[in-house]
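Presented below is the structure to which this report refers.
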Amino acid sequence: MALRVWVARNNDTLRSIADQNHVSIDHLMTLNPSIEHLDQNIAGKLVNLPFLSESDMRQAATPPTCPQSSEYIDNWIPLTPLETMAEEEYDVLIVGTGAGGGTMLWRLCEQWRNSGKRIGIIERGSIVMPTHGRNLPMMNRTRLEQYYRYISDPLQGSFPEFIGAREVICLGGRTVFWDLVSSRLDLSLIPEWPVPIDEMETYYAMAERIMNVTQEYAKDSSLTENLLNRLQQGGFPESRYMPIAADLQPTKFGVVHSDVFFSSFSLLAKASFLRPFDLAINARAVQVLVDQGRATGVKVMSPDKSSYTLKAKTVVLSASTYETPRLLLHSGIEGEAIGHYMTNQVFMLAPGKVSRRDFTDIPGTLAILITATPEKPYQIRLIGPSGFDWYPSAEEKPFLEDLEILLLCFGMIAPRYENGVSLNPNRIDEYGVPEIEVVFSFSDEEQAEIQKMLGTVNQISSATDIIFGEACLVPTGDLHHTSGTCRMGNDPSTSVTDPYGQVHGISGLYVADNSVLPFIGSGNPTLTTVALAIRTADHIVTLT
Numbered sequence: 007m008a009l010r011v012w013v014a015r016n017n018d019t020l021r022s023i024a025d026q027n028h029v030s031i032d033h034l035m036t037l038n039p040s041i042e043h044l045d046q047n048i049a050g051k052l053v054n055l056p057f058l059s060e061s062d063m064r065q066a067a068t069p070p071t072c073p074q075s076s077e078y079i080d081n082w083i084p085l086t087p088l089e090t091m092a093e094e095e096y097d098v099l100i101v102g103t104g105a106g107g108g109t110m111l112w113r114l115c116e117q118w119r120n121s122g123k124r125i126g127i128i129e130r131g132s133i134v135m136p137t138h139g140r141n142l143p144m145m146n147r148t149r150l151e152q153y154y155r156y157i158s159d160p161l162q163g164s165f166p167e168f169i170g171a172r173e174v175i176c177l178g179g180r181t182v183f184w185d186l187v188s189s190r191l192d193l194s195l196i197p198e199w200p201v202p203i204d205e206m207e208t209y210y211a212m213a214e215r216i217m218n219v220t221q222e223y224a225k226d227s228s229l230t231e232n233l234l235n236r237l238q239q240g241g242f243p244e245s246r247y248m249p250i251a252a253d254l255q256p257t258k259f260g261v262v263h264s265d266v267f268f269s270s271f272s273l274l275a276k277a278s279f280l281r282p283f284d285l286a287i288n289a290r291a292v293q294v295l296v297d298q299g300r301a302t303g304v305k306v307m308s309p310d311k312s313s314y315t316l317k318a319k320t321v322v323l324s325a326s327t328y329e330t331p332r333l334l335l336h337s338g339i340e341g342e343a344i345g346h347y348m349t350n351q352v353f354m355l356a357p358g359k360v361s362r363r364d365f366t367d368i369p370g371t372l373a374i375l376i377t378a379t380p381e382k383p384y385q386i387r388l389i390g391p392s393g394f395d396w397y398p399s400a401e402e403k404p405f406l407e408d409l410e411i412l413l414l415c416f417g418m419i420a421p422r423y424e425n426g427v428s429l430n431p432n433r434i435d436e437y438g439v440p441e442i443e444v445v446f447s448f449s450d451e452e453q454a455e456i457q458k459m460l461g462t463v464n465q466i467s468s469a470t471d472i473i474f475g476e477a478c479l480v481p482t483g484d485l486h487h488t489s490g491t492c493r494m495g496n497d498p499s500t501s502v503t504d505p506y507g508q509v510h511g512i513s514g515l516y517v518a519d520n521s522v523l524p525f526i527g528s529g530n531p532t533l534t535t536v537a538l539a540i541r542t543a544d545h546i547v548t549l550t
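Quick note on our numbering: the sequence shown kicks off at 7 and runs consecutively.
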């Protein structure tokens, strides 16, 4: 009989070897007379095994099939039907998933991670992207701008005074397209800011951490370093690296850093790993429900026009600078300032070119911020070259003799009562909600400021050797910095909410989006909106 040889491992015995090889113990003892006991540790010994025929092997037992789970999810982000949400009473219900709504959700989930609190959040739109557009490997600047035009819609009622305004109605809101510049507002240039400066510093720092704001995005780039030196030595000492909301950490140790550029999805992801919450999309809020001066919930409609009542002890509106006042006004909530004091910024572009010869073979990316000063109360950005201040790794960067630079200038627009939105009773949407009407104009002072901005462009040209072409004003409303229609403050006659975002006279009703900002000066409002939303969430937690 043909034999096989088995080298015994540590703790092997004839009994265990027989079990492993499906051989009878008696047969194994006969083949190995030198081994005295069945349960003797025979580590290192040679053990004779019978050679198994094909028929023997077919009879041998095989391992069982690994168990497989039958559970599944029907979307990459957990969604809850409105029918299910209508059966709950939420401690907090958030309307809108943009920067303010996403921040509110994350902070409440963090603060209440071990509690039994119920949190719900609804979004009027659907899912168009799973992340900021810049994180998609096939998206460059041109494609992202074109896709934005496809996804967004012209703001109804904005013609002709706010002709460039568009709405982005989708999960994540405008944060899936925003430009990521995350500068703090210079509160010293903003009169009567309603939140103590030391508190703002604390919440700005929190916002910068969760948004991964960095000064390192273009640091050491030849293009940035060289032009930054020219600016600082040429009369613009306030020039600095542009702060960008970008996670620059590499993927390592199994920790994937694929969510490079910040959006509300970054916060939805953080929240989802902290504790459960309910999220419904395609859920149009049409009315805030109030009983005896206290918010009790929101009336919501689905695309098929089914109506649902979502009950809540606290309601947070984060629907946008246009939609939040629209919802308040349609709900019959009174307030002299609702929809008024809308502000944005004068937005001017100037294309330019600079010779490549003054930079290294790989000039890199340009990202410089020139902050506002009392003498020049407008913010300026320099980005480039051409469309390559960011671009996907799959795209090749062309070699150019002259590097194309773009200057962006943002001038302050003072909040004025007459600028704002109101309901148009003659134009009703498919959900029965009146469309808005926009009133907006520049003051004489702002028109004069535009001329100063043009003079500053010439000064920058002299300091940097950038040759700028003809500057142009972007159509009003096209800049996504619109704010102020539900501004916070202490005086109910000139503000909609108190300094914590609670609507004057309505307990349990809060606003957390750009609309609460009473003035934005010349900076991007997103970082400030996130900071204030964290503060409002902390305030809600202390009350419940």
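Yeah, the Cβ is synthetic: ideal placement off N, Cα and C, and Gly gets one too.
Taking DSSP's pairing of strands, which residues face residue i in a bridge?
{"i": "cysteine 478", "result": "Leu355"}
{"i": "serine 513", "result": "Arg300"}
{"i": "proline 160", "result": "Arg172"}
{"i": "leucine 295", "result": "Gly303"}
{"i": "threonine 349", "result": "Ser489"}
{"i": "lysine 258", "result": "Val261"}
{"i": "glycine 341", "result": "For glycine 341, which the question treats as bridged, DSSP gives no partner whatsoever."}
{"i": "methionine 418", "result": "Gln351"}
{"i": "lysine 317", "result": "Glu95, Gly303"}
{"i": "valine 187", "result": "Ile250"}
{"i": "asparagine 430", "result": "Glu441"}
For residue i, does the count of other Cβ atoms within 10 angstroms reach 16, so buried, or fall short, so exposed?
{"i": "isoleucine 283", "result": "Per the sequence shown, the amino acid found at residue 283 is phenylalanine instead of isoleucine. By the neighbour-count rule (16 or more Cβ atoms within 10 Å), phenylalanine 283 is buried."}
{"i": "alanine 454", "result": "exposed"}
{"i": "aspartate 32", "result": "exposed"}
{"i": "arginine 433", "result": "exposed"}
{"i": "tryptophan 118", "result": "buried"}
{"i": "lysine 359", "result": "buried"}
{"i": "methionine 63", "result": "Because the pLDDT of methionine 63 is 47, which lies under 50, any placement of that residue in the model is unreliable, and the question is left without a value."}
{"i": "glutamine 293", "result": "buried"}
{"i": "proline 421", "result": "buried"}
{"i": "glutamine 508", "result": "buried"}
{"i": "valine 13", "result": "exposed"}
{"i": "cysteine 557", "result": "Look at the range of the chain in this structure, 7 to 550, and you will see that residue 557 is not part of it."}
{"i": "histidine 28", "result": "exposed"}
{"i": "threonine 148", "result": "exposed"}
{"i": "threonine 542", "result": "buried"}
{"i": "asparagine 120", "result": "exposed"}
{"i": "cysteine 415", "result": "buried"}
{"i": "tyrosine 223", "result": "buried"}
{"i": "aspartate 25", "result": "exposed"}
{"i": "isoleucine 203", "result": "exposed"}
{"i": "isoleucine 411", "result": "buried"}
{"i": "arginine 124", "result": "buried"}
{"i": "leucine 321", "result": "The sequence shown places valine at residue 321, not leucine. Answer is buried; the Cβ neighbour count reaches 16."}
{"i": "isoleucine 368", "result": "exposed"}
{"i": "lysine 258", "result": "exposed"}
Since residue i contacts residue j with CB under 8 Å, what's their CB separation in whole angstroms?
{"i": "threonine 109", "j": "isoleucine 540", "result": "6 Å"}
{"i": "phenylalanine 474", "j": "alanine 291", "result": "The pair is not a contact, with the Cβ atoms about 45 Å apart (cut-off 8 Å)."}
{"i": "alanine 286", "j": "leucine 99", "result": "Between leucine 99 and alanine 286 the Cβ distance is about 10 Å, and since that is not below 8 Å, they are no contact."}
{"i": "glycine 303", "j": "alanine 289", "result": "13 Å between Cβ atoms; not a contact."}
{"i": "proline 200", "j": "glycine 495", "result": "5 Å"}
{"i": "glutamine 351", "j": "histidine 487", "result": "5 Å"}
{"i": "glycine 426", "j": "valine 439", "result": "Going by Cβ atoms, the distance from glycine 426 to valine 439 rounds to 18 Å, so no, they are not a contact pair."}
{"i": "arginine 246", "j": "threonine 377", "result": "7 Å"}
{"i": "leucine 191", "j": "threonine 534", "result": "5 Å"}
{"i": "valine 174", "j": "histidine 138", "result": "Rounded, the Cβ-Cβ distance is 13 Å, inconsistent with contact."}
{"i": "isoleucine 339", "j": "isoleucine 512", "result": "6 Å"}
{"i": "glycine 163", "j": "aspartate 484", "result": "So it is not a contact: roughly 16 Å between Cβ atoms."}
{"i": "leucine 429", "j": "histidine 336", "result": "7 Å"}
{"i": "leucine 273", "j": "isoleucine 216", "result": "7 Å"}
{"i": "alanine 518", "j": "glycine 106", "result": "4 Å"}
{"i": "leucine 372", "j": "serine 227", "result": "7 Å"}
TODO: Decide if the stretch 139-152 is in contact with the stretch 399-413; the criterion is three or more beta carbon pairs, one per stretch, under 8 Å apart.
DONE: yes
TODO: Would you be able to state if there are at least three C-beta pairs under 8 Å between the stretch 473-491 and the stretch 243-251?
DONE: no
Task: Within the stretch 9-57, ranges of the beta strand (DSSP E) (whole runs, at least 3 residues) - done: 9-13, 52-56
- [ ] Ignoring anything shorter than 4 residues or poking outside the stretch 209-242, list the alpha helix (DSSP H) runs there in chain order.
- [x] 228-239
Task: Contact between the stretch 78-87 and the stretch 35-48 (3+ Cβ pairs under 8 Å) - done: no
Open item on the list: Please give the ranges of any alpha helix (DSSP H) in the stretch 60-133, keeping only runs that are unbroken, at least 4 residues long and fully inside the region.
Closed with: Fully enclosed alpha helix (DSSP H) runs of 4 or longer: 60-65, 88-91, 105-117.
Task: alpha helix (DSSP H) runs contained entirely in the stretch 440-469, provided each spans 4 or more residues - done: Fully contained in the stretch 440-469 is no alpha helix (DSSP H) run of length 4 or more.
TODO: Tell me, please, whether the stretch 327-337 touches the stretch 307-315 by the rule of three or more beta-carbon pairs shorter than 8 Å.
DONE: no
Task: Any beta strand (DSSP E) of 3 or more consecutive residues that is wholly inside the stretch 353-404 - done: 372-376, 384-390, all fully within the stretch 353-404.
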